[in-house]
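J.:
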Amino acid sequence: MSLLGHLTEKPWLTPGPRPERPERSAAPAGVGLFLCVVTVLFSLIALAYLMRMGSHGPAIDEPAHDWAAVREPPLLWFNTAMLALGSVAFERARTAARRNDAGRLRNWLLAAGVLTLIFLAGQLAVWQQLAAAGYFLSSQPGICTIIWSEADQPVQHFITGNPAVAFFYLITALHGLHLLGGLFFWSRATVRVFEGVTPIGLRPHVDLCAYYWHFLLLVWLLMFGLFLMT
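Numbered per our numbering, the sequence shown spans residues 14 to 243.
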C-alpha cells in the first residue's frame, strides 16, 4: 500500500477482527484490598490487647488485676522459624517461575506448603501445651470484674480465666485461618504445575502467594513480639 493509502486508511471501518488487548487481572487489586482489611483487623486486635491489659489496673503502666502474662512455650520459636522458611520457599518459587524452571518451581511450592503445614501443626501443639498447663478458656462468671480480691478469685480461676490467654487463642486462631485460606490458593497453583502449565503462565499466581505469605509472616512476627513484650 502506498504512503497516501496508509495516511487515508480508516482502521475502524476496516472489516476483520480487532487486535486483542492483554487482559488485566483483578486479582492483585483484590489481594491488596484484602491485605488492607487484614491489617486493620490485626491492628485493632493488638490495640484491644494493650488496652485490655491495663484496663483495670490502678495505674496506666500497671497490668490489670485479672491479667497475667502467659509463658510462651519454646515451641513458638520453632513454629516461627518454619513460617519464615515457608516464606523463603515462596520467594524461591517466584525466582523459578521467572526463570521458567518447572522442576524447581514444583519443588519449592511443595516445600512452602509442607513448611506451612508444620507451622500450623506446631500451633496446635502449643495450644495443647497451654491447656495442659492450665491456660484454657473459662466460662465461669466473675473472672473479669472491676472489684477484685484474692478471696473472690482463687488462683486456679485466675489462671483459667486470664484474658491474656483468650487473646492468645484468638490471635493465633485468626492467623491460622488466614494461612489455611492461603493454602487453598497454594494448592491450586501446585496442581496446575503438575498438570503441565508453564511456570511463566503461573508466575502471577506464585507472586500473589509469595506476597501473601510474606505479609502473614510479618503479622505473626509483630504479634509474637507483642506476646513477648507483655
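By construction, the Cβ of each residue, glycine as well, lies at the ideal position given by its N, Cα and C atoms.
In or out: M95 buried (at least 16 other Cβ within 10 Å) or exposed?
T.: With 16 or more other Cβ atoms within 10 Å, it is buried.
J.: Please classify F207 as buried or exposed, where buried requires at least 16 other C-beta atoms within 10 Å of its C-beta.
T.: Exposed, because fewer than 16 other Cβ atoms sit within 10 Å of the Cβ of F207.
J.: In angstroms with no decimal places, state the Cα-to-Cα distance between A42 and F55.
T.: Rounded to whole angstroms, A42 to F55 spans 20 Å at the Cα level.
J.: Would you kindly report the start and end of the unbroken alpha helix (DSSP H) that includes W233?
T.: Start and end: 212–242.
J.: Between the stretch 43–54 and the stretch 100–107, are three or more C-beta pairs nearer than 8 Å?
T.: No, because fewer than three Cβ pairs between the stretch 43–54 and the stretch 100–107 fall closer than 8 Å, the two stretches do not touch.
J.: Buried or exposed: L215, going by 16 or more other Cβ atoms within 10 Å of its Cβ?
T.: The residue is buried, with at least 16 neighbouring Cβ atoms inside 10 Å.
J.: Between the alpha carbons of F93 and G209, how many angstroms are there, rounded?
T.: Note on identity: in this sequence residue 93 is Thr, with Phe being the wrong assignment. Answer to the nearest angstrom: the Cα atoms are 33 Å apart.
J.: Check the C-beta distance from T203 over to N113 and give it rounded, since I have them as a contact under 8 Å.
T.: Not confirmed; about 17 Å, so no contact.
J.: Please go through the stretch 66–133 and give each complete beta strand (DSSP E) segment of 3 or more residues, from N-terminal end onward.
T.: If we require 3 residues or more, the stretch 66–133 turns out to have no beta strand (DSSP E) run fully inside it.
J.: Looking only at C-alpha atoms, which of R107, L234, T243, M242 sits nearest to F91?
T.: For F91, the nearest C-alpha among the options comes from L234.
J.: For A186, report the span of its alpha helix (DSSP H) as first-last.
T.: Here the alpha helix (DSSP H) through A186 covers 176–207.
J.: Apply the 10 Å Cβ neighbour rule to P154 and answer buried if 16 or more other Cβ atoms are within range, or exposed otherwise.
T.: Its pLDDT being 40, under 50, P154 is placed unreliably in this model, and the value from its coordinates should be taken loosely. P154 comes out exposed.
J.: Nearest CA to the CA of L190: which residue from Y224, P217, Q136?
T.: Selected option, being the one with the closest Cα: Q136.
J.: Report the CB separation of I184 from M236 in whole angstroms; it is logged as a contact under 8 Å.
T.: Going by Cβ atoms, the distance from I184 to M236 rounds to 5 Å, so yes, they are a contact pair.
J.: State the DSSP-derived secondary structure class of G147, mapped to helix, strand or coil.
T.: If DSSP states are grouped into helix, strand and coil, G147 belongs with coil.
J.: Would F197 be called buried (16 or more neighbouring beta carbons within 10 Å of its own) or exposed?
T.: Its Cβ having fewer than 16 others within 10 Å, F197 is exposed.
J.: When the Cα atoms are used, what is the spatial distance from L193 to G67?
T.: Cα-Cα distance, rounded: 33 Å.
J.: Whole angstroms are fine: how far does the CA of W140 sit from the CA of R117?
T.: Taking the straight line joining both Cα atoms gives about 35 Å.
J.: Looking only at its chain, what residues have a beta carbon closer than 7 Å to the beta carbon of L227, apart from the 5 residues adjacent to it on each side?
T.: A quick correction: the sequence has His, not Leu, at residue 227. Same-chain partners within the cutoff: S100.
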